[in-house]
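Below you'll find the structure, written out as structure tokens, and then a few comments.
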Amino acid sequence: MLLKLNPSDSNSGNNSTQGTNVSSADGKQIIELKAKAGYSPASVVALANKDTILRVTTDSTFDCSSSLTIPKLGIRKNLQPTATTDIPLGSQTPGTKLAGTCAMGMYNFNLSFN
Ligand SMILES: [Cu+2]
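For reference, each letter of the sequence shown is one residue, going 1 to 114 in this note's numbering.
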């Protein structure tokens, strides 16, 4: 069962709190990220030691944020322009920080696991 989240907090300034874009479904942690002219939210705090999926949504995304990489995990995805793509991240140890970028390194996001 999926917890549906409302993306209404986008500029609340709270973007490093474990927050509204992190949910749980079927024992997995789901981090929701939007990719369009960058990544939103740019900074996410999630739980460590929990099987995690990064769920990236594109919506007419024709810029290079559709080419998403997480170098530390060897992940590189070319997202469809309008789609929702689940990227398994596995379970991360406490204190892990994962940096994500577009393929050209212009846009960034950070995932912290505590
Ligand atoms: Cu880029």
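For glycine and all other residues, C-beta sits at the position ideal for the given N, C-alpha and C.
This one's a predicted model, so the numbers in the text were calculated from it and none came from an experiment.
Cβ-based neighbour list, residue i, same chain, cut-off 6 Å, excluding 5 preceding and 5 following
| i | result |
| --- | --- |
| Q92 | A48, F113 |
| L89 | T52, L54 |
| I30 | S23, I53, R55 |
Neighbour-count burial assignment, residue i, 16 or more Cβ in a 10 Å radius
| i | result |
| --- | --- |
| K34 | buried |
| S60 | exposed |
| P81 | exposed |
| S24 | exposed |
For residue j and residue i, believed in contact at Cβ under 8 Å, the rounded distance
| i | j | result |
| --- | --- | --- |
| L144 | C102 | Residue 144 is absent from the structure shown; the chain starts at 1 and stops at 114. |
| V56 | L79 | 6 Å |
Distance CB(residue i)-CB(residue j) smaller than 8 Å
| i | j | result |
| --- | --- | --- |
| K97 | T85 | no |
| G38 | Y107 | yes |
Close beta carbons around residue i, own chain, < 8 Å, minus the five adjacent residues each side
| i | result |
| --- | --- |
| K150 | Limits of the chain in this structure are 1 at one end and 114 at the other, which puts residue 150 out of reach. |
| N110 | A42, S43, V44, K97, L98, A99, G100 |
For residue i, the nearest candidate out of the options (CA to CA)
| i | options | result |
| --- | --- | --- |
| P94 | A46, S23, N21 | A46 |
| I70 | A99, K28, G105 | A99 |
| A83 | K50, E32, S23 | E32 |
Cβ neighbours of residue i in the same chain (closer than 7 Å, five flanking residues each side left out)
| i | result |
| --- | --- |
| M104 | C64 |
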